[in-house]
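*Asks:*
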Amino acid sequence: MNNNIPAAIILAAAVALASACGTSVGQQTASESSTAAAETVTENTAVVTEADAQPAGMSEKTQKVYDYICGIFGKQMLSCQQESTWMGSPDYEMDYIQEITGKLPAMRGLDFMNNDFAGVVNRSEEWDAKGGLVTICWHTGVNGSGYQESLDDKPDFDKLLTEGTDEYNAMMKSWDNAAKALQELRDADVPVLWRPFHEFDGQWFWWGKGGADNFIKLWRLMHDKFTDEYGLNNLIWVLGYSGEVKDGWYPGDEYVDIIGSDTYDNSTNKSAWDKLVKITDKPMAFHECGKVPPISRFEKDGDMWAWFMIWHTDHIKANSPKNLTSVYNGDKVITLDELPDFDDKSDTSETPVNEKENRMEKYADMIVELPSDGYDEPREGVTYPEFKKFTYYSTAAERDTNVNVLLPADYSKDKEYPVLYILHGFYDNEGWMARKIVALSQILTNLQLDGEAEEMIVVLPYIFCSKELPYCTGMDLENCLAYDNFINDLTTDLMPFIEENFSVAKGRENTAITGFSMGGRESLFIGFSHPELFGYIGAVCPAPGLVSIGGSAMHPGQMQKEDMKFGENKPEVLLISSSKADGVVGDSPDSYRRLLDGNGEEYLSHIMSSTGHDHSSVKPHLYNFFRIIFR
Numbered sequence: 000m001n002n003n004i005p006a007a008i009i010l011a012a013a014v015a016l017a018s019a020c021g022t023s024v025g026q027q028t029a030s031e032s033s034t035a036a037a038e039t040v041t042e043n044t045a046v047v048t049e050a051d052a053q054p055a056g057m058s059e060k061t062q063k064v065y066d067y068i069c070g071i072f073g074k075q076m077l078s079c080q081q082e083s084t085w086m087g088s089p090d091y092e093m094d095y096i097q098e099i100t101g102k103l104p105a106m107r108g109l110d111f112m113n114n115d116f117a118g119v120v121n122r123s124e125e126w127d128a129k130g131g132l133v134t135i136c137w138h139t140g141v142n143g144s145g146y147q148e149s150l151d152d153k154p155d156f157d158k159l160l161t162e163g164t165d166e167y168n169a170m171m172k173s174w175d176n177a178a179k180a181l182q183e184l185r186d187a188d189v190p191v192l193w194r195p196f197h198e199f200d201g202q203w204f205w206w207g208k209g210g211a212d213n214f215i216k217l218w219r220l221m222h223d224k225f226t227d228e229y230g231l232n233n234l235i236w237v238l239g240y241s242g243e244v245k246d247g248w249y250p251g252d253e254y255v256d257i258i259g260s261d262t263y264d265n266s267t268n269k270s271a272w273d274k275l276v277k278i279t280d281k282p283m284a285f286h287e288c289g290k291v292p293p294i295s296r297f298e299k300d301g302d303m304w305a306w307f308m309i310w311h312t313d314h315i316k317a318n319s320p321k322n323l324t325s326v327y328n329g330d331k332v333i334t335l336d337e338l339p340d341f342d343d344k345s346d347t348s349e350t351p352v353n354e355k356e357n358r359m360e361k362y363a364d365m366i367v368e369l370p371s372d373g374y375d376e377p378r379e380g381v382t383y384p385e386f387k388k389f390t391y392y393s394t395a396a397e398r399d400t401n402v403n404v405l406l407p408a409d410y411s412k413d414k415e416y417p418v419l420y421i422l423h424g425f426y427d428n429e430g431w432m433a434r435k436i437v438a439l440s441q442i443l444t445n446l447q448l449d450g451e452a453e454e455m456i457v458v459l460p461y462i463f464c465s466k467e468l469p470y471c472t473g474m475d476l477e478n479c480l481a482y483d484n485f486i487n488d489l490t491t492d493l494m495p496f497i498e499e500n501f502s503v504a505k506g507r508e509n510t511a512i513t514g515f516s517m518g519g520r521e522s523l524f525i526g527f528s529h530p531e532l533f534g535y536i537g538a539v540c541p542a543p544g545l546v547s548i549g550g551s552a553m554h555p556g557q558m559q560k561e562d563m564k565f566g567e568n569k570p571e572v573l574l575i576s577s578s579k580a581d582g583v584v585g586d587s588p589d590s591y592r593r594l595l596d597g598n599g600e601e602y603l604s605h606i607m608s609s610t611g612h613d614h615s616s617v618k619p620h621l622y623n624f625f626r627i628i629f630r
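Numbers 0 to 630, taken from numbering that gives the first Met the number 0, label the letters of the sequence shown in order.
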């Protein structure tokens with residue numbers, strides 16, 4: 000399936016228009032759409048836009064919302080949060096998310112459960128007024144009420160689906176209450192992603208207990224009644240499977256706008272995705288989950304849903320605050336403040352994907368030229384963790400290689416920690432950053448005690464990686480290429496070694512890299528080469544040569560200027576530190592900044608006035624970097 004929504008549709012291939020992602024489900028049937036398309040082909044084979052091919056059905060604003068969802072599907076995900084109403088405030092979950100992440104979800108999940116029609120209408124209108132989207136489900140018995148009835152009721156479907164029976168009439172009375180509430184939202188111009196009868200194929204709710212055929216009849220009955228009789232043109236119909244996604248339950252493209260699945264197993268729901276793509280080309284939603292995985296896992300699994308929705312109360316609280324913050328502030332997730340204005344009368348069908356410009360701006364005020372006195376000094380009564388040396392086999396260098404590792408003071412195998420790799424400079428080794436004069440452990444621990452840095456594992460590798468030379472012998476091409484070869488050691492040998500032997504939180508949002516001088520050049524090289532691995536990248540007084548400056552053996556130029564781009568995997572942080580008094584690397588840091596400016600890449604700049612090409616520049620850089628990574 001092609002998850003990208005085409006900008007135009009060739010009419011000669013339009014016999015399946017009704018099943019395309021951009022086609023809303025209105026009064027026109029699939030067969031009618033196909034016939035009309037076929038007739039048009041006979042007369043004219045011109046290209047028409049997706050909007051031209053839309054059958055009537057949705058209101059203008061609702062169509063804009065649907066087009067927008069089609070446009071982001073496969074590229075970004077809407078953040079969504081299910082509300083509760085019994086925790087002291089109907090905004091219990093929203094307040095929690097805002098407190099933790101500084102953001103609010105793009106979409107709010109509501110429930111007509113316990114016949115809360117008036118409350119849902121009010122909260123939906125309020126959320127719409129904020130610029131947000133709403134999705135409504137309905138835990139109800141056959142005749143109304145709430146969750147328990149939705150599980151306990153066992154209707155006779157022959158009677159239930161036969162017009163005029165007592166069972167049918169009682170169900171219609173219940174539907175009438177819901178439809179009137181949805182009409183209020185229609186009249187207020189509030190689009191609703193309507194998700195009735197969810198988890199039907201799990202067959203634990205009454206609407207699934209009659210089997211697939213009866214469910215399809217039930218779904219189609221509600222769809223036609225709500226569309227034709229009640230005139231609800233503000234609904235986007237969301238068909239929500241369970242995590243099993245059983246065969247034979249699909250009502251048909253003309254009755255569904257969005258398809259989805261849920262699971263609470265902490266996965267990205269990849270197995271359901273693989274089944275859903277075989278059913279239809281409609282957008283797909285992860286319509287319920289407990290813990291949302293890191294976005295890097297969705298990217299790795301290839302299942303970028305239209306949205307994810309975390310369930311309420313204990314489920315949202317079970318999410319790691321760090322991961323929740325990373326998810327809500329990442330460039331693949333759309334939050335409330337990043338939605339377009341659907342009330343604007345301009346066309347939103349071509350709304351560009353939000354790339355979160357200025358995403359690093361929130362860190363800019365945290366950067367200081369030089370920390371206050373005492374930041375690197377030991378404090379009375381504090382025990383500072385020490386680096387420990389380990390050995391692993393480097394296939395890139397074909398030898399045993401040393402690495403220094405600093406574990407958190409309260410390190411526990413029962414907890415997972417993010418990892419920071421710090422690379423040394425030319426002629427140095429894995430011990431340089433661990434020296435007392437650098438005071439790395441003291442700087443980091445003091446920040447942690449002050450609540451300004453996260454717990455992390457710090458790794459100091461030996462980055463000279465040559466099969467022929469045991470150590471750096473000079474500033475020539477052979478030695479430079481040995482440093483550049485560390486990228487292979489890191490990704491093939493060292494990172495797996497660290498992950499195997501220590502309790503590591505995986506994913507780019509939990510992995511950072513920085514370095515000094517030659518190590519700064521290599522951290523940039525590695526960061527641009529593997530943006531999928533590193534969410535935080537730094538460099539202090541980076542050496543020249545990453546991009547060729549013309550002919551020098553010292554500067555082979557591993558990358559072209561146009562290669563210094565991150566593409567879709569933009570880092571949360573890219574910090575370049577330098578000193579005006581550095582007489583070793585000269586203009587190199589500024590040349591990298593100019594390249595980034597020319598390529599439109601965002602970065603943070605930290606410039607010191609009087610420090611040198613030594614620990615006096617490294618320590619302020621580490622102080623700043625520690626404070627902004629993994630936050």
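Ideal Cβ positions, reconstructed from N, Cα and C, are used throughout, including at glycine.
#1: Roughly how far, in whole angstroms, is the beta-carbon of Asp375 from the beta-carbon of Lys569, given that I think they are within contact range, below 8 angstroms?
#2: Whole beta strand (DSSP E) runs in the stretch 434-460 with 3 or more residues, listed along the chain?
#3: Do you know how far the Cα of Leu275 is from the Cα of Ser241?
#4: Which residues in the same chain as Ser266 place their Cβ atom closer than 6 angstroms to its Cβ, once the five residues preceding and following it in sequence are excluded?
#5: At which residue ranges does the stretch 561-630 contain complete beta strand (DSSP E) runs of 3 or more residues, listed in the order of the chain?
#6: Quick check: Met308 and Gln81, are their CB atoms within less than 9 angstroms of each other?
#7: Which term fits Arg378, buried or exposed, when burial requires 16 or more other beta carbons within 10 angstroms of its beta carbon?
#8: With distances taken between CB atoms, is the gap from Tyr461 to Thr400 smaller than 9 angstroms?
#9: Applying the criterion that 16 or more other CB atoms from any shown protein chain within 10 Å of the CB defines a buried residue, is Gln147 buried or exposed?
#10: Kindly indicate the opening and closing residues of the beta strand (DSSP E) around Gln80.
#11: Please go through the same chain and pick out, in chain order, the residues whose beta-carbon is closer than 8 angstroms to the beta-carbon of Thr444, but skip the five residues on each side of it.
#12: What residues match up with Asp258 in a beta bridge as DSSP calls it?
#13: Reducing DSSP to helix, strand and coil, say where Thr22 ends up.
#14: Compute the Euclidean distance between the alpha carbons of Ser609 and Ile456, then round it to the nearest angstrom.
#15: Give the range of the beta strand (DSSP E) segment to which Tyr416 is assigned.
#16: State the Cα-Cα distance for the pair Met365 and Pro293, rounded to the nearest angstrom.
#17: Is the beta carbon of Gly424 less than 9 angstroms from the beta carbon of Asn403?
#18: Classify Ser78: buried if its beta carbon has 16 or more other beta carbons within 10 angstroms, exposed otherwise.
#19: Considering only the alpha carbon of each residue, which of Arg626, Pro104, Leu103 and Arg630 lies closest to Val367?
#20: So Ser604 packs on Ile575, CB below 8 angstroms; how close in whole Å?
#21: Among the residues of its own chain, which have a CB less than 6 angstroms from the CB of Asp127, if the five just before and after it don't count?
#22: Let me know if Asp483 comes out buried or exposed under the rule of 16 or more other beta-carbons within 10 Å of its beta-carbon.
#23: Quick one: what does DSSP say Trp218 is sitting in, helix, strand or coil?
#24: Using a threshold of 9 angstroms, state whether the C-beta atoms of Val546 and Leu594 are closer than that.
#25: Identify whether Asn114 lies in helix, strand or coil by the three-state DSSP scheme.
#26: Among all the DSSP beta bridges, which residues are the ones paired with Leu369?
#27: Can you tell me which of the three DSSP states Asp399 falls into?
#28: Could you tell me whether the Cβ atoms of Asp212 and Val237 are closer together than 9 angstroms?
#29: Return yes when the Cβ of Phe515 is within less than 9 angstroms of the Cβ of Cys540, no when it is not.
#30: Cα-Cα, which of Asp261, Glu499 and Lys331 is closest to Lys412?
#31: Hey, out of Asn318, Asn268 and Phe196, whose CA is closest to Asp302's CA?
#32: DSSP three-state call for Lys60: helix, strand or coil?
#33: Along the chain, where does the beta strand (DSSP E) that runs through Ala667 open and close?
#34: If distances are taken between C-alpha atoms only, which option among Tyr591, Phe386, Ser587 and Asp336 comes closest to Asp562?
*Replies:* Reading from the atomic positions:
#1: Their Cβ separation, rounded to whole angstroms, is 32 angstroms, which puts Asp375 and Lys569 out of contact at 8 angstroms.
#2: 456-460
#3: 11 angstroms
#4: none
#5: 572-578 and 603-607
#6: yes
#7: exposed
#8: yes
#9: exposed
#10: Met76 to Gln81
#11: Val381, Tyr383, Pro384 and Ala408
#12: Correcting the residue identity first, residue 258 is Ile in this sequence and not Asp. Leu238 and Met283, per the DSSP bridge assignment.
#13: For Thr22, the predicted structure reports a pLDDT of 41, less than 50, and the residue's modelled location is therefore unreliable. A value from the coordinates is still provided. In this structure, Thr22 counts as coil in the three-state DSSP scheme.
#14: 31 angstroms
#15: Unbroken run through Tyr416: none, as it is neither H nor E.
#16: 25 angstroms
#17: no
#18: buried
#19: Arg626
#20: 6 angstroms
#21: Val189
#22: buried
#23: helix
#24: yes
#25: helix
#26: Per DSSP, none; premise fails for Leu369.
#27: strand
#28: no
#29: yes
#30: Glu499
#31: Asn268
#32: helix
#33: The chain is shown only over 0 to 630; residue 667 falls outside these bounds and no answer can be derived.
#34: Tyr591
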